[in-house]
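Down below is the structure, laid out as structure tokens.
Shown next, in the form of structure tokens:
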């Protein structure tokens, strides 16, 4: 059994925290944990906008706090984000996420993120092999 | 892209809500969604105790609200549960979860739950094929 506390990680295990422009993510579970998925608590700063396309991953995102919106760039459709809303990128959907207030999201990736990916210019992660 | 709102589901999509003795779970993503994992928001009633052993599944559980504890029945070790604590049953660990206050948890299963499983007497889910 693996037990990890978000509150401890942000104080003393900073190599599990990754940040980029106006977002940061706490890596609660990575590929090396052997669960077959990774699990992340991700923060997006109020007023920020992010375009991602996980060509090699499925991702689900559950909003725990905050408000904003997500636009599916294939269809142009926009959905409001508030606590309780989940979106799942089952088509590796290219999307723009906007934070109206600070957003706190619980994210799951399959295949699991290894921890060494970087967002490429097209908003994707490369598929890494461990 | 799949978008679902927990708040809508509990009002008007009750076939996504499953309940048993002193717990209930909202099935945000199931096997049929094709993500390779399932995602659930689970409630455990204050004062309740639950023993589970997912022999055929990996499960991670992230505490969003409430307090309690989890005991690893193989080692006897007990960990406190509070918001921000995650446990991951990477060894299919048999465990007892106790809710001191009402617990609200974000749960991920791999392989994904199909929705037709029931908890067996030993606290496990059978492995279902879709």
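Chains as they are written, first to last, in the working numbering: chain C, 1146 to 1275; chain V, 1146 to 1275.
For each residue, glycine too, the CB sits at the ideal point set by N, CA and C.
Exercise. Would you mind stating whether residue 1259 (chain C) and residue 1175 (chain C) have Cβ atoms separated by less than 8 Å?
Key: To locate residue 1259 (chain C), count along the first chain from 1; it is residue 114. To locate residue 1175 (chain C), count along the first chain from 1; it is residue 30. Yes, these two residues count as a Cβ contact at 8 Å.
Quiz item: Which whole-angstrom value is the C-beta distance of residue 1253 (chain V) and residue 1184 (chain V), which I expect to be below 8 Å?
Solution: Residue 1253 (chain V) sits at position 108 when you count from the first residue of the second chain. Residue 1184 (chain V) sits at position 39 when you count from the first residue of the second chain. About 6 Å separates the two Cβ atoms, so the contact holds.
Quiz item: Over what stretch of residues does the beta strand (DSSP E) that includes residue 1255 (chain C) continue unbroken?
Solution: By 1-based counting over the first chain, the position of residue 1255 (chain C) is 110. Start and end: 1248 to 1255.
Quiz item: How is residue 1161 (chain V) classed by DSSP in three states: helix, strand or coil?
Solution: By 1-based counting over the second chain, the position of residue 1161 (chain V) is 16. Three-state result, residue 1161 (chain V): helix.
Quiz item: CA-CA distance, residue 1249 (chain C) and residue 1159 (chain C)?
Solution: Taking the first residue of the first chain as position 1, residue 1249 (chain C) is located at position 104. Taking the first residue of the first chain as position 1, residue 1159 (chain C) is located at position 14. Distance between the alpha carbons of residue 1249 (chain C) and residue 1159 (chain C) is about 18 Å.
Quiz item: Taking only beta-carbon atoms, is residue 1275 (chain C) less than 8 Å away from chain V?
Solution: In the first chain, counting from the first residue as 1, residue 1275 (chain C) sits at position 130. Bear in mind that the predicted position of residue 1275 (chain C) carries a pLDDT of just 46, short of 50, making it unreliable; the figure below should be weighed with that in mind. It does not; no Cβ of chain V falls within 8 Å.
Quiz prompt | Buried/exposed call for residue 1177 (chain V), threshold 16 Cβ in 10 Å | solution = Along the second chain, read from residue 1 onward, the residue named residue 1177 (chain V) stands at position 32. It counts as exposed.
Practice problem: Identify every run of the beta strand (DSSP E) within the region 1221 to 1245 of chain V, keeping only runs that are complete inside it and at least 3 residues long; order them along the chain. | Solution: 1223 to 1226, 1230 to 1233, 1240 to 1244
Exercise. Answer with buried or exposed for residue 1150 (chain C), where buried requires no fewer than 16 other C-beta atoms within 10 angstroms of its C-beta.
Key: Counted from its first residue, the first chain places residue 1150 (chain C) at position 5. Looking at its Cβ environment, which holds 16 or more other Cβ atoms inside 10 Å, residue 1150 (chain C) is buried.
Self-check item: Per-residue burial, residue 1216 (chain V) [other beta carbons within 10 Å of its own, 16 or more giving buried]
Solution: Counted from its first residue, the second chain places residue 1216 (chain V) at position 71. Classification for residue 1216 (chain V): buried.
Exercise. Please compile the residues from chain V whose C-beta is within a distance smaller than 7 Å of the C-beta of residue 1224 (chain C).
Key: Along the first chain, one-based indexing puts residue 1224 (chain C) at 79. What residue 1224 (chain C) touches in chain V: 1148.
Exercise. Using three-state DSSP, classify residue 1150 (chain V) as helix, strand or coil.
Key: Within the second chain, numbered from 1, the residue matching residue 1150 (chain V) stands at position 5. Three-state result, residue 1150 (chain V): strand.
Exercise. Select from the region 1194 to 1222 of chain C all residues with a C-beta closer than 7 Å to any C-beta belonging to chain V, and list them in chain order.
Key: 1203, 1205, 1207, 1209, 1217
Quiz item: Under 8 Å between C-beta atoms, does residue 1232 (chain C) make it to chain V?
Solution: Here residue 1232 (chain C) is taken as the residue at index 87 of the first chain, counted from 1. Interface residue, yes.
Quiz item: Residues in the region 1160 to 1190 of chain C with C-beta within 8 Å of chain V's C-beta atoms, listed in sequence order?
Solution: 1173, 1174, 1178, 1179, 1180, 1181, 1182, 1184, 1186
Exercise. Residues of the region 1232 to 1248 of chain V with a CB closer than 9 Å to any CB of chain C: list them in chain order, please.
Key: 1232, 1233, 1234, 1235, 1236, 1238, 1240
Quiz item: residue 1204 (chain V) to residue 1257 (chain C), Cα distance in whole Å?
Solution: Here residue 1204 (chain V) refers to the residue found at position 59 of the second chain. Here residue 1257 (chain C) refers to the residue found at position 112 of the first chain. Their Cα atoms are separated by approximately 14 Å.
Exercise. Given a cut-off of 8 Å, decide if residue 1246 (chain V) and residue 1294 (chain V) are closer than it, judged by their beta-carbon atoms.
Key: Because residue 1294 (chain V) is not part of the residues shown, which for chain V are 1146 to 1275, the question remains open.
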